[in-house]
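Take a look at the structure set out below.
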Amino acid sequence: MHRKAFVVVMLLVVGLAACAAPSPTAAPSPTVARLVASSTPPAPTAALPTATSAPTAAPRTLEVALVARIHTWDPFTAAGDEAAFLANIYETLVRLNPPGVTPRFAPLLADRWEHNTDGTIWTFHLRQGVRFHDGEPLTAAAVKASLETAAARGTDAFLWEPVARIEVVDEATVRFVLRRPAPLLFVLAAPYDAWIVSPRALAAVAKDADYFEVGRDGGTGPYRLAAYQPGREVVLRRFAGYWGGWQAGQFATVRVRLAPDAATAAQWLADGTVALTGPLPPDLAHTLASRAGFHLQVVNTAWNYLAFFNTLRPPLDNPQVRQALAYAVPYAEIIRRVGGLGVQSRGPVPQGMWPWSEEVAQYHEDLAKARALLESAGVTPGGLRLTLTYAREDPAQAKIAAALKEGWARLGVQVQLRPMLWRDQWAFARNDSESPETQDVFLLRYEPAYGDGLADNLWTLFHSSKQPFLNLSYWHDADFDALLEKAWGESATSLTAAQADALKAENALVAASPAVFLYDEQAAFVLPDDLKGFRYNLNAPRVPFLFYDLRVGP
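If you're matching positions, the sequence shown starts at 1087 in the working numbering and goes up one per residue.
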């Protein structure tokens, strides 16, 4: 989906952030993919705070363990695990609520908004009485400066491509003028590059690029960054002047121990060093949840796995061959091998993310149908040899690749597995899609950049492009492209109309099978029984907790 800039941060826990190739003039702004080699803490979003007349929080400390690597405290360039902390320090104009919560977009620093008929002019009215941690008031000028900075140098700057300009109407009103109709609320709620930052902090970082790195912040959120010991811990303390107020039972201090791995975090939880951890591997999660005082909560996430077919190379250029392979995938066995934390995908949009729908078709394991399709396509048993590449940094991909090889062997299909470093796998697939050395099947773990699954997952992965960025099936279909473009334009003013056309596009995609959609990841949290307020939000994938929403209660 997203265009111009390209950033690769390939670390075992943090992964890759990248922007995609140029899109047509009527297209969404280019998309960013975060492709991660191993799971990092996903992201909950809880209900919005209710103000009280005076802050009365009890002096409680919450001890937490997270597997996280912090590379920067700059809210504009942070691109990974930092989001787990930044989301508690900074705020956006609006919040994209968790699946099933209405309204879809909740007021945050803006308390109301409106747009013109075609969705090209959006006006936001700022919440009164909000102050930054440094005492500066929230103003329209501060919003304009923050978001223009995000568009200029942010990690996900491509998201702002549809915005022609930002105007200060008055001290409490800001207007966005777009180049074309676009669903701006998704952008303003993005988990990166939409934070509103203090003008004083913006001025300071303009003079000193390392201003944030000594542990300063410039947010409006409920917590301030109080202390940071690299590789050891992060301490957040409540901001007494927070506009949402404070209530009894909330945590005044949050101390986060930075665990080197999930096993260490689990041990700290088991021995009482911490009261809370991010998501854990299924075996550890089930063991800990069996202890008195804890329970298990399994949640859907924004990550999913799919395998692209090279649609330029015979016989994979024949939809019947691709459909046959889709019918021979052992979906349930794959999920079992990765620990059971997953649900079979319905297309490329993860369950719970807009515009996912249970009306999107699925393939199911059916070897008789698979053999009949291969026979109809003229492929003889034993006559098909495929090369499958996968990212060797990700242990789950090795298990998935082995299951695919075994499943397709039942059709007489021979599969050569080729593990590669992600960066090499991606470059290999993009450089020469028609080379005989190029892979036939490309296994991918995908993380969207923000909560618009139409502009991100669908567009980025499958809209036609002359130079493939993440459409690594090299599939071109004018009718599918037209449906996506129509739906994206509709999404500026009517998500209902857009969803109807997105559903048509997704079912056309599943029928054509340029990829096989394997499973949507789930995550396992072990939570104390007396902890209240936890609600995971897959629209902010790297924020396991909003600490303001948590409290201790019966």
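Just so you know, even glycine gets a beta-carbon here, dropped at the ideal spot from N, CA and C.
Beta-carbon proximity of residue i to residue j, cut-off 7 Å
i	j	result
P1416	G1468	no
L1530	L1392	yes
E1607	G1428	yes
D1279	D1242	yes
R1422	K1485	no
S1431	N1396	no
L1540	A1573	yes
A1169	P1346	no
L1544	L1556	no
A1351	A1151	yes
V1499	A1463	no
I1175	V1229	no
Y1297	A1289	no
A1477	Q1483	yes
A1626	A1371	no
V1153	A1348	yes
G1331	G1639	no
A1410	A1456	yes
Residue i versus residue j: straight-line alpha-carbon distance, rounded
i	j	result
R1637	L1613	12 Å
L1148	T1178	25 Å
A1447	Q1511	29 Å
D1635	V1300	27 Å
G1364	A1458	46 Å
T1259	L1569	35 Å
N1404	S1551	20 Å
T1475	E1451	22 Å
Q1525	A1564	25 Å
P1161	R1310	13 Å
A1375	F1620	16 Å
L1402	H1562	14 Å
L1355	A1583	47 Å
A1326	Y1536	30 Å
A1173	R1181	11 Å
R1213	A1231	17 Å
G1575	F1380	46 Å
A1236	A1378	46 Å
Y1328	R1399	58 Å
T1306	D1542	28 Å
L1233	D1294	19 Å
F1337	R1324	8 Å
N1202	L1581	16 Å
L1194	E1461	57 Å
E1444	T1579	23 Å
H1549	D1538	15 Å
K1491	P1534	27 Å
For residue i, the residue or residues it bridges with in DSSP
i	result
E1319	Q1315, R1343
M1439	DSSP output for M1439 lists no bridge partner at all.
D1606	N1390, V1429
I1252	F1262
Y1309	R1324
T1363	A1151
F1395	V1527
P1505	Y1476
Spatial neighbours of residue i in its chain, beta-carbon cut-off 6 Å, leaving aside the 5 residues before and after
i	result
L1558	F1394, A1515, F1528
W1442	V1435
Y1449	A1412, Y1413
T1158	A1164
A1588	P1441, L1540, A1573
V1602	A1393, A1412, V1415
Close Cβ partners of residue i (< 8 Å) along its chain, the five nearest in sequence each way excluded
i	result
R1286	F1218, D1220, E1222, G1304
A1313	G1301, E1319, V1320, V1321
L1211	One point to set straight first is that residue 1211 is His, not Leu, in the sequence displayed. Excluding residues within five positions, the ones whose Cβ falls inside 8 Å are A1196, D1197, R1198, W1199, A1258, T1259.
L1624	P1128, A1129, P1184, P1185, V1385, N1386, T1387, A1388, P1436, G1438, M1439
V1360	E1149, V1150, A1151, R1343, A1351, W1354
Cβ shell of residue i (< 7 Å), same chain only, five flanking positions each side left out
i	result
R1496	A1414, L1453
G1426	P1368
L1274	T1178, L1179, V1180, A1280
V1465	P1401, V1407
Any C-beta of chain C under 7 Å from that of residue i
i	result
R1422	Here chain C cannot be found, since the structure has a single protein chain.
Residue i: CB within 6 Å of a non-hydrogen atom of the ligand FMN
i	result
D1279	As far as ligands go, the structure on display features none, and thus does not contain the ligand FMN.
- Message: Counting beta carbon pairs with one atom in the region 1246 to 1253 and one in the region 1211 to 1221, are three or more of them shorter than 8 Å?
- Response: no
- Message: Whether or not the region 1587 to 1600 and the region 1502 to 1516 are in contact is what I'm after, with contact meaning three or more pairs of Cβ atoms, one per stretch, closer than 8 Å; do they touch?
- Response: no
- Query: Using 8 Å as the Cβ pair cut-off and three pairs as the minimum, do the region 1182 to 1189 and the region 1251 to 1258 touch?
  - Reply: no
- Query: With a cut-off of 8 Å, do at least 3 Cβ pairs link the region 1399 to 1418 to the region 1380 to 1387?
  - Reply: no
- Task: Check whether the region 1468 to 1482 touches the region 1616 to 1635, counting contact only when three or more Cβ pairs, one atom from each stretch, lie closer than 8 Å.
- Result: no
- Query: Is the region 1333 to 1346 in contact with the region 1312 to 1321, if contact means three or more CB pairs nearer than 8 Å?
  - Reply: yes
- Task: Evaluate the contact criterion for the region 1258 to 1273 versus the region 1193 to 1208: three or more CB pairs, one atom per stretch, below 8 Å.
- Result: yes
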